[in-house]
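*Asks:* Could you have a look at this structure, given as structure tokens, before my questions?
Number of protein chains: 4
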Amino acid sequence: MKGRKRLKSNLGWSTTDRIVVQGHDLVELIGNTSLGDFAFLELKGRLPTPEESAVFNAIAVTLVEHGLTPSAIAARLTYFGAPESLQGAVAAGILGMGSRFGGSIEEAARTLQESLASAAPDADPRDRAREIVARYQATKQPIAGLGHPIHRPADPRTARLFAIAADNGLSGRHIELMQLISVEASAAYGRDLPVNATGAIGAILGELDFPWQVGRGLAVIARAIGLVAHIQEELAEPLAGEIWSRVDEEASEHNRSG
Amino acid sequence: MKGRKRLKSNLGWSTTDRIVVQGHDLVELIGNTSLGDFAFLELKGRLPTPEESAVFNAIAVTLVEHGLTPSAIAARLTYFGAPESLQGAVAAGILGMGSRFGGSIEEAARTLQESLASAAPDADPRDRAREIVARYQATKQPIAGLGHPIHRPADPRTARLFAIAADNGLSGRHIELMQLISVEASAAYGRDLPVNATGAIGAILGELDFPWQVGRGLAVIARAIGLVAHIQEELAEPLAGEIWSRVDEEASEHNRSG
Amino acid sequence: MKGRKRLKSNLGWSTTDRIVVQGHDLVELIGNTSLGDFAFLELKGRLPTPEESAVFNAIAVTLVEHGLTPSAIAARLTYFGAPESLQGAVAAGILGMGSRFGGSIEEAARTLQESLASAAPDADPRDRAREIVARYQATKQPIAGLGHPIHRPADPRTARLFAIAADNGLSGRHIELMQLISVEASAAYGRDLPVNATGAIGAILGELDFPWQVGRGLAVIARAIGLVAHIQEELAEPLAGEIWSRVDEEASEHNRSG
Amino acid sequence: MKGRKRLKSNLGWSTTDRIVVQGHDLVELIGNTSLGDFAFLELKGRLPTPEESAVFNAIAVTLVEHGLTPSAIAARLTYFGAPESLQGAVAAGILGMGSRFGGSIEEAARTLQESLASAAPDADPRDRAREIVARYQATKQPIAGLGHPIHRPADPRTARLFAIAADNGLSGRHIELMQLISVEASAAYGRDLPVNATGAIGAILGELDFPWQVGRGLAVIARAIGLVAHIQEELAEPLAGEIWSRVDEEASEHNRSG
Numbered sequence: 430m431k432g433r434k435r436l437k438s439n440l441g442w443s444t445t446d447r448i449v450v451q452g453h454d455l456v457e458l459i460g461n462t463s464l465g466d467f468a469f470l471e472l473k474g475r476l477p478t479p480e481e482s483a484v485f486n487a488i489a490v491t492l493v494e495h496g497l498t499p500s501a502i503a504a505r506l507t508y509f510g511a512p513e514s515l516q517g518a519v520a521a522g523i524l525g526m527g528s529r530f531g532g533s534i535e536e537a538a539r540t541l542q543e544s545l546a547s548a549a550p551d552a553d554p555r556d557r558a559r560e561i562v563a564r565y566q567a568t569k570q571p572i573a574g575l576g577h578p579i580h581r582p583a584d585p586r587t588a589r590l591f592a593i594a595a596d597n598g599l600s601g602r603h604i605e606l607m608q609l610i611s612v613e614a615s616a617a618y619g620r621d622l623p624v625n626a627t628g629a630i631g632a633i634l635g636e637l638d639f640p641w642q643v644g645r646g647l648a649v650i651a652r653a654i655g656l657v658a659h660i661q662e663e664l665a666e667p668l669a670g671e672i673w674s675r676v677d678e679e680a681s682e683h684n685r686s687g
Numbered sequence: 430m431k432g433r434k435r436l437k438s439n440l441g442w443s444t445t446d447r448i449v450v451q452g453h454d455l456v457e458l459i460g461n462t463s464l465g466d467f468a469f470l471e472l473k474g475r476l477p478t479p480e481e482s483a484v485f486n487a488i489a490v491t492l493v494e495h496g497l498t499p500s501a502i503a504a505r506l507t508y509f510g511a512p513e514s515l516q517g518a519v520a521a522g523i524l525g526m527g528s529r530f531g532g533s534i535e536e537a538a539r540t541l542q543e544s545l546a547s548a549a550p551d552a553d554p555r556d557r558a559r560e561i562v563a564r565y566q567a568t569k570q571p572i573a574g575l576g577h578p579i580h581r582p583a584d585p586r587t588a589r590l591f592a593i594a595a596d597n598g599l600s601g602r603h604i605e606l607m608q609l610i611s612v613e614a615s616a617a618y619g620r621d622l623p624v625n626a627t628g629a630i631g632a633i634l635g636e637l638d639f640p641w642q643v644g645r646g647l648a649v650i651a652r653a654i655g656l657v658a659h660i661q662e663e664l665a666e667p668l669a670g671e672i673w674s675r676v677d678e679e680a681s682e683h684n685r686s687g
Numbered sequence: 430m431k432g433r434k435r436l437k438s439n440l441g442w443s444t445t446d447r448i449v450v451q452g453h454d455l456v457e458l459i460g461n462t463s464l465g466d467f468a469f470l471e472l473k474g475r476l477p478t479p480e481e482s483a484v485f486n487a488i489a490v491t492l493v494e495h496g497l498t499p500s501a502i503a504a505r506l507t508y509f510g511a512p513e514s515l516q517g518a519v520a521a522g523i524l525g526m527g528s529r530f531g532g533s534i535e536e537a538a539r540t541l542q543e544s545l546a547s548a549a550p551d552a553d554p555r556d557r558a559r560e561i562v563a564r565y566q567a568t569k570q571p572i573a574g575l576g577h578p579i580h581r582p583a584d585p586r587t588a589r590l591f592a593i594a595a596d597n598g599l600s601g602r603h604i605e606l607m608q609l610i611s612v613e614a615s616a617a618y619g620r621d622l623p624v625n626a627t628g629a630i631g632a633i634l635g636e637l638d639f640p641w642q643v644g645r646g647l648a649v650i651a652r653a654i655g656l657v658a659h660i661q662e663e664l665a666e667p668l669a670g671e672i673w674s675r676v677d678e679e680a681s682e683h684n685r686s687g
Numbered sequence: 430m431k432g433r434k435r436l437k438s439n440l441g442w443s444t445t446d447r448i449v450v451q452g453h454d455l456v457e458l459i460g461n462t463s464l465g466d467f468a469f470l471e472l473k474g475r476l477p478t479p480e481e482s483a484v485f486n487a488i489a490v491t492l493v494e495h496g497l498t499p500s501a502i503a504a505r506l507t508y509f510g511a512p513e514s515l516q517g518a519v520a521a522g523i524l525g526m527g528s529r530f531g532g533s534i535e536e537a538a539r540t541l542q543e544s545l546a547s548a549a550p551d552a553d554p555r556d557r558a559r560e561i562v563a564r565y566q567a568t569k570q571p572i573a574g575l576g577h578p579i580h581r582p583a584d585p586r587t588a589r590l591f592a593i594a595a596d597n598g599l600s601g602r603h604i605e606l607m608q609l610i611s612v613e614a615s616a617a618y619g620r621d622l623p624v625n626a627t628g629a630i631g632a633i634l635g636e637l638d639f640p641w642q643v644g645r646g647l648a649v650i651a652r653a654i655g656l657v658a659h660i661q662e663e664l665a666e667p668l669a670g671e672i673w674s675r676v677d678e679e680a681s682e683h684n685r686s687g
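Dropping the structure here:
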């Protein structure tokens with residue numbers, strides 16, 4: 430097998446009497462590590478400190494459940510057609526966690542990380558914020574992590590998440606920059622553009638020293654929990670047939686008149 | 430809208446200033462609830478007691494990571510073809526959590542729950558166990574939750590999981606019956622058939638009073654975490670191309686000679 | 430590599446100057462074989478006769494498009510969240526082609542094939558039909574392939590499909606038995622239960638000597654075409670946002686009053 | 430319902446006695462339209478001419494089958510874990526038809542269409558070709574639609590596809606430009622860079638006046654057929670267990686020595 434690359438994953442492997450995950454004996458982790466901390470271990474390669482654990486679990490739970498979102502509706506409709514496959518319904522829901530949803534966390538995290546990585550140590554963060562806002566204005570794109578279609582005056586999760594980060598000594602340059610972007614954007618656009626939950630989570634990923642690509646993955650992890658709960662609810666009290674008939678009713682009106 | 434069913438999910442809903450999940454204000458949960466406990470809330474409708482939390486997190490983390498399993502390989506190969514879609518790669522991996530993998534937990538939990546639900550209060554659990562073993566023998570199917578292709582003499586996770594259940598006052602009739610099934614099956618088949626991790630988790634789901642259908646969902650939730658970690662590893666150090674060439678090499682040998 | 434099984438697929442392989450599919454040179458097939466006939470080749474291992482081609486293409490096109498079905502809605506909602514991944518939206522739609530939709534073709538085909546396989550050569554097919562209807566009555570399940578929620582008095586596709594089979598000399602014992610099941614079921618239930626399109630397709634699969642498992646696969650193949658068309662329409666004139674708001678509106682009413 | 434958008438798809442709708450697809454009565458299409466022509470109708474809104482039909486079916490069948498590709502392996506491994514869900518295995522395979530595979534057709538088609546759309550009517554296509562090659566050289570990206578890792582001296586499908594287009598009067602500016610790009614790229618890089626099958630298909634999509642986005646969709650449609658055939662083969666003669674053990678064997682070597 431000379432010249433071939435080893436097929437080796439550092440995540441996990443097992444022998445007859447041991448299972449090892451990220452260098453830890455799984456049997457020792459069981460009972461000592463919560464699901465959220467285990468996720469941190471998987472993604473980071475080490476267990477979190479208590480402060481990191483508090484902050485990481487906080488951002489993860491924020492993303493679990495949002496009611497009848499497009500991804501939850503897609504999962505329920507899929508289960509309606511294929512009740513033999515819970516995993517297929519959850520997968521259908523996860524497939525909607527792309528650039529529009531999970532992607533906004535990713536984009537906020539990336540904007541902050543790339544800006545800070547290229548910044549001179551003594552650069553004024555206000556200049557960074559202005560530069561970022563100007564770049565978005567030039568492309569006429571909405572700024573990732575700001576504003577919310579429903580929540581007024583501000584997304585109630587943001588203040589909570591930033592407070593937890595501060596309480597745990599994890600409020601640093603990424604959160605500062607995110608907040609300054611909000612200030613500068615509100616001035617530039619002449620209306621209030623507060624940091625929303627995806628912006629807060631994107632900033633906190635930077636404080637936890639996660640690469641921005643983890644943003645979409647974290648959304649997928651959290652939403653998988655919510656989607657299993659939606660299918661469990663669908664099992665007991667199905668909504669899919671009724672959802673279909675709402676859409677089809679219109680289509681049928683068209684059909685009859687068309 | 431007379432005569433129409435309401436499209437109402439109890440899982441979550443929101444107004445301009447509030448987000449509510451299973452009757453709790455989300456902002457109050459953030460920072461006070463770990464990801465594992467939040468999953469319990471989503472699936473059960475209430476937060477866990479400290480004992481339930483310990484046991485639920487223990488079974489969940491057991492299912493996160495198993496190295497280069499078929500579902501992890503499928504996720505990596507999918508990412509290779511579609512690197513723009515992390516969610517697609519994770520979904521592909523989740524699609525493999527069906528009757529063979531997640532299904533074995535489900536089947537173990539179902540066997541125990543249906544047997545205990547139909548048992549007379551004073552029935553001898555040994556009779557139940559014998560009856561279950563006889564039923565499997567008649568159909569020549571392997572008994573769900575027993576034995577393991579790799580681990581010898583026994584799956585190291587089982588003893589750990591049962592100890593955690595006992596320590597938290599959650600070792601009851603389901604675990605007892607699962608262990609008796611192992612005893613009776615070992616006698617019937619004339620070889621050691623210890624309870625494996627899926628059997629232990631199936632039994633513990635009963636102790637936590639979860640319906641057996643949650644078994645597959647729990648596997649999906651846990652594995653979503655592992656799959657995101659595999660894609661993150663693939664991003665840094667890809668294995669997919671090498672995996673493909675191992676399979677294709679053989680196919681190519683065939684091709685040249687065929 | 431002694432003792433190892435060869436990784437060999439008969440479907441396709443290639444060398445530097447040739448690509449071979451099911452034993453045919455791909456370059457010779459291109460331009461001489463239609464997509465439907467190529468699908469027949471893939472599934473059957475040989476090209477169809479002109480008669481088989483006519484009948485196979487007829488059943489395939491019947492399954493392509495049905496308007497805003499649950500799977501089309503799920504695909505559109507998925508695309509809304511992940512517009513970077515057309516393949517993810519189509520996959521989400523395909524995941525709904527399970528036991529309820531693709532499965533009914535499969536079940537009709539299986540019922541017919543298993544009944545005919547076990548029948549004595551001189552058995553009266555009416556007895557077979559009565560036996561099948563009695564078995565469904567005993568389990569209180571609807572008979573696969575009969576009746577339709579919308580089409581009155583009968584599914585207009587059925588007569589057309591059976592006529593095409595007859596015109597091509599492919600109307601045999603499976604179609605005869607399907608029609609007798611309809612007669613016996615209508616008598617047994619005291620109302621008209623005509624053969625619907627899935628029953629007709631299930632019967633025709635038997636005439637084409639396809640195993641019943643192909644039923645679900647054929648539905649997946651046909652529907653993939655329809656789903657790509659739905660995403661293309663969504664690209665030009667999106668409905669997903671409106672679909673979401675119809676569902677959410679109700680949820681929001683609940684929210685405000687709840 | 431004032432102010433609400435109608436939920437109206439032009440693709441298909443039905444009444445009690447009619448099913449309409451793209452303005453045609455489905456019952457009239459059945460028996461008169463092949464699967465490939467039906468796909469053209471779905472994607473284009475009208476039936477093809479005989480020449481368009483010949484060319485469209487030719488490019489579609491080219492994409493159906495490529496042996497044990499990553500997407501076929503992913504589908505087989507998924508089926509191994511979830512044999513109850515053929516649709517899940519096919520969906521897993523489709524999820525790999527992203528930017529690397531289906532995307533190369535899309536990119537070739539887009540490059541040609543955007544270049545020709547912005548060209549002056551009397552522009553020399555050689556200048557266009559040089560400009561495109563220069564742009565790729567500047568970004569150090571491989572040119573979409575040129576070269577092939579296996580086929581030498583050239584992809585055998587290309588000449589065949591271009592001949593069929595010419596025979597049917599559909600060899601125009603897109604094919605001409607694709608061929609000129611090959612000439613200019615071969616000169617610029619000092620090695621033979623012939624048009625491959627994805628480049629040929631990308632060019633032909635332009636001749637058929639399809640938008641470039643259809644490229645990925647066509648790959649998905651064609652590959653769905655191939656994936657169903659792979660699962661059917663897996664059903665009869667499974668390779669998944671063996672594929673897994675090849676990957677795992679290596680992992681296990683690591684495990685034992687690790």
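Residue numbers (the numbering used here), protein chains in the order written: chain R, 430 to 687; chain Y, 430 to 687; chain Z, 430 to 687; chain S, 430 to 687. For glycine and all other residues, C-beta sits at the position ideal for the given N, C-alpha and C.
#1: How many whole angstroms separate the CB atoms of residue 467(S) and residue 482(S), which I take to be in contact at a CB cut-off of 8 Å?
#2: One question on the structure: do residue 491(S) and residue 672(S) come within less than 8 Å of each other, judged by their Cβ atoms?
#3: Should the region 546-561 of chain Y be called in touch with the region 546-563 of chain Z, which here means at least 3 C-beta pairs below 8 Å?
#4: Is residue 630(Y) near the ligand SAM, with its Cβ less than 7 Å from a heavy atom?
#5: Between the C-alpha atoms of residue 460(Z) and residue 594(S), what's the straight-line distance to the nearest angstrom?
#6: Let's see if you can read the secondary structure: which residues bound the alpha helix (DSSP H) around residue 418(R)?
#7: Where does residue 463(Y) fall in DSSP's three states?
#8: Take residue 541(R) as the anchor and find which of 517(R), 605(R), 506(R) has the nearest alpha-carbon.
#9: Would you say residue 673(Y) faces chain S, with C-beta separation under 8 Å as the test?
#10: Quick one: is residue 573(R) buried, meaning 16 or more other Cβ sit within 10 Å of its Cβ, or exposed?
#11: Starting from the C-beta of residue 441(Y), find all residues in its chain whose C-beta is less than 6 Å away, skip the five residues before and the five after it, and write them out in chain order.
#12: With a cut-off of 8 Å, does the C-beta of residue 669(R) fall near any C-beta of chain S?
#13: Contact criterion: CB-CB distance below 8 Å. Does residue 524(Y) meet it with respect to chain R?
#14: What does residue 676(Z) reach in chain Y if we use C-beta pairs closer than 8 Å?
#15: With three or more beta-carbon pairs closer than 8 Å as the criterion, would you say the region 501-511 of chain Z touches the region 490-507 of chain R?
#16: What span of residues does the beta strand (DSSP E) with residue 449(S) cover, start to end?
#17: Compare the Cα-Cα distances from residue 543(Y) to each of 528(Y), 527(Y), 560(Y), 596(Y) and report the closest residue.
#18: Any beta-carbon of chain Z closer than 8 Å to the one on residue 502(R)?
#19: In three-state DSSP terms, what is residue 443(S)?
#20: Could you list which residues in chain R have their beta carbon closer than 7 Å to that of residue 442(Y), in chain order?
#21: Given a cut-off of 8 Å, decide if residue 646(Y) and residue 511(S) are closer than it, judged by their beta-carbon atoms.
#22: Does any residue of chain Y have a CB that is nearer than 8 Å to the CB of residue 424(S)?
#23: Would you grab the beta carbon distance between residue 586(S) and residue 456(Z) for me? Rounded to a whole angstrom, and I think it's under 8 Å.
#24: Could you spell out where the alpha helix (DSSP H) holding residue 603(R) opens and where it closes?
#25: Where residue 508(R) and residue 535(Z) are concerned, what is the direct C-alpha to C-alpha distance, given to the nearest angstrom?
#26: Does residue 643(S) come within less than 8 Å of chain Z when only Cβ atoms are used?
*Replies:* Short version:
#1: The pair is not a contact, with the Cβ atoms about 11 Å apart (cut-off 8 Å).
#2: no
#3: no
#4: The ligand SAM is absent from the structure shown, which contains no ligands of any kind.
#5: 10 Å
#6: Residue 418(R) falls outside the range modelled here, since chain R spans only 430 to 687, and no answer is possible.
#7: coil
#8: 605(R)
#9: It does: the Cβ of residue 673(Y) has a partner Cβ on chain S nearer than 8 Å.
#10: buried
#11: Excluding residues within five positions, the ones whose Cβ falls inside 6 Å are 450.
#12: Output row for residue 669(R): interface = no.
#13: yes
#14: 436
#15: With a cut-off of 8 Å, the region 490-507 of chain R and the region 501-511 of chain Z count as touching, because enough Cβ pairs lie within range.
#16: 448-450
#17: 560(Y)
#18: Yes, residue 502(R) lies at the interface with chain Z (some Cβ there is under 8 Å from its Cβ).
#19: Of the three classes helix, strand and coil, the one that applies to residue 443(S) here is strand, per DSSP.
#20: 496
#21: Taking 8 Å as the Cβ cut-off, residue 511(S) and residue 646(Y) do not qualify as a contacting pair.
#22: In this structure chain S extends from 430 to 687, so residue 424(S) is not present and cannot be described.
#23: 6 Å
#24: 602-618 is the extent of the alpha helix (DSSP H) around residue 603(R).
#25: Taking the straight line from one Cα to the other gives about 18 Å.
#26: yes
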